[in-house]
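Following numbering that gives the first Met the number 0, the numbering of the sequence shown begins with 0 at its first residue and continues without gaps. Cβ coordinates follow ideal geometry from the N, Cα and C atoms, glycine included. Note that the structure is a prediction, hence the values are computed from the model and not measured.
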Amino acid sequence: MNYGKRGINQQARALNSGTNKWGKKISLFGFYIILAMILAVVIIGASAGIGVFNGIRDDAPDIGNIDVTPTGFSTFVYDTDGNQIAKLVSTDSNRIPVTMDMIPENLAHAFVSIEDERFYEHNGIDIQGIIRAGVVGITSGHFSEGASTITQQLLKNNVFSGWTNETFIESVKRKIQEQYLAVQLEKTMSKDEILLNYMNTINLGQNTLGVQAASLRYFNKSVSELTLSECACIAAITQNPSKFNPISHPDDNAERRKKVLGNMLKHEYINQIQYDKAMADDVYSRIQTVNQESGGDSTINSYFVDALTNDVLDDLIDAGYNETQAYTLLYSGGLKIYSTQNPKIQQICDSVFQDESNYPEGTKYLLTYELSVQDAAGNVSNYSSEMYQAYFKEQKSSFNMLYDSHESAEAGIEEYKSVVMKEGDSVLAEKINLIPQPQVSITVEEQSTGYVVAMVGGRGEKTASRTLNRATDSYRQPGSTFKVLSTYAPGIDSAGLTLATVFNDAPFAYADGTLVRNWWGSQYRGLNTVRSAIRDSMNVIAVEALTLITPQLGFDYLKNFGFTTLAENVTINGKVYSDIQQSTALGGLTYGVKNIELNAAYAAIGNGGVYAEPKLYTKVVDHDGNIVLDNTQVSSKRIIKETTAFLLTSAMQDVVTSGTGGSVNFGTTAIAGKTGTTSDYNDVWFAGYTNYYTATTWAGYDNNAKMTVTAEKNLAKTMWRKVMEQVHADLPYSSFTVPSGITSATVCSRSGKQPIAGLCDGTLISEYFEEGTVPTESCDVHYQGTMCAMDGLPASEFCPFKTAGVFELSPPVPPALQSGFVNYVQTNSAYTTTTDENGNTVTVLNQCHHTPEFMAQEGIEGIINGERGALEAAAAAAAAAAGIDPNAPAPAPEQPAVPTPGEIVDSIIDAVTDEISAGN
């Protein structure tokens, strides 16, 4: 700066210069313009900001329409004693709501201390917290410091969706709306209400939502029982449920828990003594123990719950929900399902069916196998069980995926992989499943209500929920259990049969000519009553009886018994199939039956002829206690008369006391039931009941392999007895009562008719009848007079081979059955049915072929000598077979032993090929 005289003069001139004065004026004006522009920008920006804010605010949900109550709750299933037996959970639904009186004060304070320490002071927005977060962000360069209040977090979780994938602009918009709504919400809800909804909402790791679900998951107790230490542990999870998971990251949780307790101490929610005690608590060892005891998160539902789940879904759909709505309601609706499961009986079933010592030695394993292979070029090849089986069938045609051990199966797998994989290939995925065989199932029902009290759908480890349930999902051939349901029930109920009705067990064929074979082999047992046929599970007589009453009638009754798997004119691969056929008498069906439905059918007989639809639950209520499904009313209908049910029960008691089911009789109460075996022992059953419960057991191979050893063939009976004996251990003996409408009478067991004194004395039986069905006709089997040894028919006056005495004749064969008996001609029968001159049907006794005309023919002496020789040869052969000395004097030809009708028929066919037969 020039401070000399010259410099001062220059400055004075400059100040008085007009040019400078105008320059300063222009500069000042420019400054004002810029300032005005800045102010304008600020005002416009502020106005725009206010406008944007107002727009975002106005776009926010109406506070009157939002609901911050958490949605998505766990569904629980309870047994008949009120015990929880299952929890059904979908994503974002493992939540159990609680009320404020259940929340420990320490837990509420823990959340407030760590998540929103000024919660009780602010109006929904924490200005101080926002400033703090901003300062931290500016100074550190990381804007990760949280400033959301509990009220805002509640809104974020329960009102705003999709925030985990939002953009920056969307995040700003949501934050503004959150803050606005938080202020509004605080005007309508109390702090306690906001805090409670928050604690019922938050994600607390391990697929738990809300403090009650977390308390049960980590500590196996209600939230109301949590200690201070445990409260702090749960509150510590909130900020980052993965990082602060007390199971997988206990150290991180412990550090965060320390901060929670420190904040509680700072805000004087706890004192130093409480703090020190909580810090010294080894809470994490308890968490690990609970995790191990509960099996972690791999909860797998039982077969009973699987079946229940399917029933509830179906019933929800029937009630008007669509499939998606029904599924969401079941798994996220917080339902309470009250099942029919009896915990004691279910435990017995589980214990018996899980005990490997109850199964035959030599367990086999059925392999299911899937393999995905990637070659060096990235190409993927997939291999299935079918492809695996096809490969080994080329080496051994009988290969059926069954292995004797896990080791042998693993060896087979390695061999297969060595064939299909080349150098450079890698295994992308491999699925190996070895299922123990034979498999089993059981359903137990209380027949008076239809309540299914227990169920097991398979043997071995259950690896997932809603897998194959052999009690409800598998279709298996019912074998001889169907004789009672398809044939004798309709026959006695409406077709004129009685337990004393007699059929002839003799060679009989289906309409297509295929012989019916008895389960015991090729021998026949001649005349037998219906009671005997049920007791001994006689195949031929069952088919004869169904043929007589008609397969259509049997089919109609089966539908009333509740079977849903029957086929009626179904086209499969271009061929029409129907179960309205003779083989249905033996359980030869197109598809098969379900265990639960077969059991319900037998339960109907045990319930006096009243069918009660099987139920697995009584009611379903939502989390507010409103009834969603009411299943308490017994859905029942009478399908057979009470008298019919009693008669069948009486006959099936014989099955247990002296027939094919004797091994199930544990002796402490009356039992009625029926065995069932298919012809090649692919399926074995026992369906039976007491006055208390009905149970049906099934055993067989999943791949329909034949059971070969005795223990396998008897497995259904073995398991039935082991379960039912324990079920009835503490129950008093209960006999089946005789209902009104039943009477008893003495009949001849060979004819099923009124006995003839002096002729039927050795074959008298006492039998139950429905009143009005006692036979009035006299016995037509026993015959006193002379019999032709050649024909086995009453001898004519001129017969040279007549023998006097009391004999048995073959009774008349109903016309509907005549075409079925092998080589049947009317002359083979002792009786002929004709029509007299008045149009009445009459039965006439036949005589042997030695008529006057026969005896008058030329060369009769030679013919008679030939017949005599045939009789002597037959007698000699019989003697040799019996070990009698052939040199002993032969009986006089005029008095030969007369073969019984059964033996005469057996002489026509004495062996049957292995064609069609049910088992016993």
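Query, Result
"What does the Cβ neighbour count give for G699, buried or exposed, with the cut at 16 atoms within 10 Å?", "buried"
"If you follow the beta strand (DSSP E) that H781 is in, where does it begin and where does it stop?", "781-787"
"Under the rule that 16 or more other beta-carbon atoms within 10 Å means buried, what is K716, buried or exposed?", "buried"
"What's the gap between the Cα of Q438 and the Cα of I571?", "28 Å"
"Identify whether S765 lies in helix, strand or coil by the three-state DSSP scheme.", "strand"
"Nearest to G423 by alpha carbon, out of F352, K593, A566, V379?", "V379"
"Taking the CB atoms as reference points, tell me whether L647 and V542 lie closer together than 8 Å.", "no"
"Less than 8 Å between the C-beta atoms of A584 and F481, yes or no?", "yes"
"Using DSSP with H/G/I as helix, E/B as strand and the rest coil, what is N517?", "strand"
"Run through DSSP, which three-state label would E857 get?", "coil"
"What's the call for I859, buried or exposed, on a 16-neighbour Cβ count within 10 Å?", "exposed"
"Does the Cβ of V372 have 16 or more other Cβ atoms within 10 Å, making it buried, or fewer, making it exposed?", "buried"
"Got a sec? Which residues, its chain only, sit under 6 Å from M198 by beta carbon, not counting five neighbours each side?", "V210"
"Spatial neighbours of S582 within its chain, please: C-beta separation below 6 Å, excluding the five flanking residues on both sides.", "none"
"Exposed or buried, which one is E769 when buried takes at least 16 other CB atoms within 10 Å?", "buried"
"For P898, name the three-state secondary structure that DSSP assigns.", "Only weak support exists for where P898 lies, its pLDDT of 33 falling under 50; the value from the coordinates is given anyway. In this structure, P898 counts as coil in the three-state DSSP scheme."
"Using the three-state DSSP reduction, which class does F685 fall into: helix, strand or coil?", "strand"
"Rounded C-beta distance between A600 and F562? I'm assuming under 8 Å.", "7 Å"
"Once DSSP output is grouped into helix, strand and coil, what is the label at Q632?", "coil"
"Got a sec, what are the start and stop residues for the alpha helix (DSSP H) T323 sits in?", "322-331"
"Using only the alpha-carbon positions, how far apart do F110 and Y274 sit?", "16 Å"
"Using only CA atoms, which one of T486, W518, N845 lies nearest to I579?", "T486"
"Mind checking which residues open and close the alpha helix (DSSP H) that includes M723?", "714-726"
"DSSP puts Q83 in a beta bridge; with which residues?", "Y77"
"Any chance you could list the beta strand (DSSP E) runs of at least 3 consecutive residues sitting entirely within the region 539-626, in chain order?", "569-571, 574-576, 609-611, 616-620"
"Can you tell which of S425, S383, C348 has its C-alpha closest to the C-alpha of V455?", "C348"
"Below 8 Å on the Cβ atoms is my guess for Y302 versus N468; work out the distance and round it to an integer in Å.", "5 Å"
"When the Cα of A376 is compared with those of S425, V821, S635, which residue comes out closest?", "S425"
"Helix, strand or coil for I193, going by three-state DSSP, please let me know.", "helix"
"Suppose you measure from the CA of I286 to the CA of A408; what does that come to, to the nearest Å?", "39 Å"
"Could you tell me whether the Cβ atoms of F502 and V515 are closer together than 8 Å?", "no"
"In chain order, which continuous runs of the alpha helix (DSSP H) of length 4 or greater are located wholly inside the region 461-521?", "488-493"
"In whole angstroms, give me the CA-to-CA distance for I130 and E116.", "15 Å"
"Pick helix, strand or coil for S922, following the three-state DSSP scheme.", "Outside the shown range of the chain (0 to 919) lies residue 922, about which nothing can therefore be said."
"Buried or exposed for N300, please, with buried defined as at least 16 other CB atoms from any protein chain shown within 10 angstroms of its CB.", "buried"
"Assign L844 to buried or exposed, taking buried as 16 or more other Cβ atoms, counted over all protein chains shown, within 10 Å of its Cβ.", "exposed"
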